[in-house]
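One structure is given here, and the rest of the page talks about it.
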Amino acid sequence: MASSTRSAGLPPAGERAPFVRAMFGRIAGRYDRMNAVMTLGRDRVWRRRVVDVAALPPEGRLLDIGTGTGGIALAARERFDRLTVVAADFTPEMMAVGRRAPDGRRVCWCAADALALPFADAGFDAVVSGYLVRNVTGLDRLFAEQFRVLKPGGRLVCLDTTPPRGPLAPLIRFHFKRIIPLMGQWVGGDRGAYTYLPESTRAFATPEALAARLIRAGFVQVRWRTFMFGTMALHAAVKPPAIGPR
3 MASSTRSAGL
13 PPAGERAPFV
23 RAMFGRIAGR
33 YDRMNAVMTL
43 GRDRVWRRRV
53 VDVAALPPEG
63 RLLDIGTGTG
73 GIALAARERF
83 DRLTVVAADF
93 TPEMMAVGRR
103 APDGRRVCWC
113 AADALALPFA
123 DAGFDAVVSG
133 YLVRNVTGLD
143 RLFAEQFRVL
153 KPGGRLVCLD
163 TTPPRGPLAP
173 LIRFHFKRII
183 PLMGQWVGGD
193 RGAYTYLPES
203 TRAFATPEAL
213 AARLIRAGFV
223 QVRWRTFMFG
233 TMALHAAVKP
243 PAIGPR
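Here you go:
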């Protein structure tokens, strides 16, 4: 989380990880359906866009961290037949849903904490995430771990919600606060989870602040774009290439 200030609806930083794990465990079976409803079916397009921006070599290695039900990992598996795809998450119920998907058995699923990745240094051509970052406390540690496991010249790509700004912001905040929890109750069967998710967006870093964190972690060529009326952001960054001997 970008700020140490506790917001209504969010657990304290020290309780965030078990809270998030339990919440996603409860909604795992309905997560994909609810995402499709909330985004009008655009979430699959955005995940494919993450794969595009990652600029993967056809026989490279991809890590999808905070994979959930494996949306990005499975999109990459569909695109590149010889790519090694590792999907990591700390919620087994979410990954169990992904394993049952077409091509699910062609992905390497791994239980992992995003703040302490169980992978060697410089092992992946790209590290990607979708809707992970705003749920994590300690962004500097999160990005340091992703930097560590990337090969020199490798790419980080993260897709997440972002606090609404501009003339539509009051309407969007109303939608987040009132409509999404109702949708979560009707479609997702869990009003509490879909009260937390909009609140975590409201309290999250702006795109500029998130880009500054990536630069602080050592990344270069940091860029981002927002879409869906400014409620979604896609960040991309590069680990600097290794400097050879002079």
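Just so we're aligned: the sequence shown equals residues 3 to 248 in the working numbering. Every residue gets a Cβ at the ideal spot worked out from N, C-alpha and C, and that includes glycine. Note that the structure is predicted; figures quoted are calculated from it, not measured.
Beta-carbon gap between residue i and residue j smaller than 9 Å
i: A90; j: A124; result: no
i: D161; j: M234; result: A small correction: the amino acid at residue 161 is Leu; Asp does not occupy that position in the sequence shown. Going by C-beta atoms, L161 is nearer than 9 Å to M234.
i: L12; j: Y196; result: no
i: V129; j: L152; result: yes
i: P59; j: D127; result: yes
i: R79; j: V109; result: yes
i: L158; j: A211; result: no
i: R107; j: L85; result: no
i: V99; j: G194; result: no
i: R81; j: V53; result: yes
i: F92; j: A171; result: no
Three-way DSSP call (helix, strand, coil) for residue i in this model
i: I182; result: helix
i: L212; result: helix
i: D127; result: strand
i: R157; result: strand
i: G73; result: helix
i: R227; result: strand
i: L173; result: helix
i: A195; result: helix
i: P14; result: coil
i: A122; result: coil
i: P104; result: coil
i: T139; result: coil
i: T203; result: helix
Residue from the options whose Cα sits closest to the Cα of residue i
i: N216; options: T163, V240 and A24; result: Note on residue identity: the sequence assigns Leu, not Asn, to residue 216. For the residues T163, V240 and A24, the minimum Cα distance to L216 belongs to V240.
i: A244; options: A77, F149, G232 and H237; result: F149
i: E61; options: V87, L173, A24 and G220; result: V87
i: R204; options: P120, I174 and A114; result: I174
i: Q187; options: V52, M36, R157 and F231; result: M36
i: V135; options: Q223, A213, G43 and C112; result: A213
i: R225; options: A15, A75, A219 and L236; result: L236
i: F178; options: V52, F145 and F231; result: F231
i: W111; options: P94, A122, P104 and A118; result: P94
i: G156; options: V222, R50 and V47; result: V222
i: T69; options: A207, R101, P165 and F82; result: R101
i: L105; options: L119, F92 and D83; result: Contrary to the premise, residue 105 reads as Asp rather than Leu in this sequence. Closest by alpha carbon: D83.
i: R23; options: R50, V138, R180 and P169; result: V138
i: T228; options: P183, T71 and R51; result: R51
i: G163; options: R49, R18, R81 and R193; result: Note that residue 163 is Thr in the sequence shown here, rather than Gly. Checked all of R49, R18, R81 and R193; the closest Cα to T163 is R49.
i: I74; options: P172, R46 and F176; result: R46
i: P183; options: G220, G72, S202 and A103; result: S202
Counted within 10 angstroms of its Cβ, other Cβ atoms place residue i as buried (16 or more) or exposed
i: V55; result: buried
i: S5; result: Reliability fails at S5, whose pLDDT of 35 lies under 50, so the model's placement of it is uncertain and the value that follows must be treated cautiously. Exposed: under 16 other Cβ atoms inside 10 Å.
i: E147; result: buried
i: P200; result: buried
i: G132; result: buried
i: D142; result: exposed
i: A15; result: exposed
i: A113; result: exposed
i: L144; result: buried
i: I67; result: buried
i: T165; result: First, the residue type needs correcting, since residue 165 is Pro and not Thr in the sequence shown. Burial call: buried.
i: A207; result: buried
i: S9; result: The predicted position of S9 is uncertain, since its pLDDT is 44 and thus under 50; no value can be drawn from it.
i: P120; result: exposed
i: A77; result: buried
i: G72; result: buried
i: L42; result: exposed
i: F26; result: buried
Bridge-paired residues (DSSP) for residue i
i: A90; result: I67 and C112
i: V1; result: Nothing about residue 1 can be read from this structure; the chain reaches only from 3 to 248.
i: G132; result: L161
i: M234; result: T163 and F229
i: L152; result: F126
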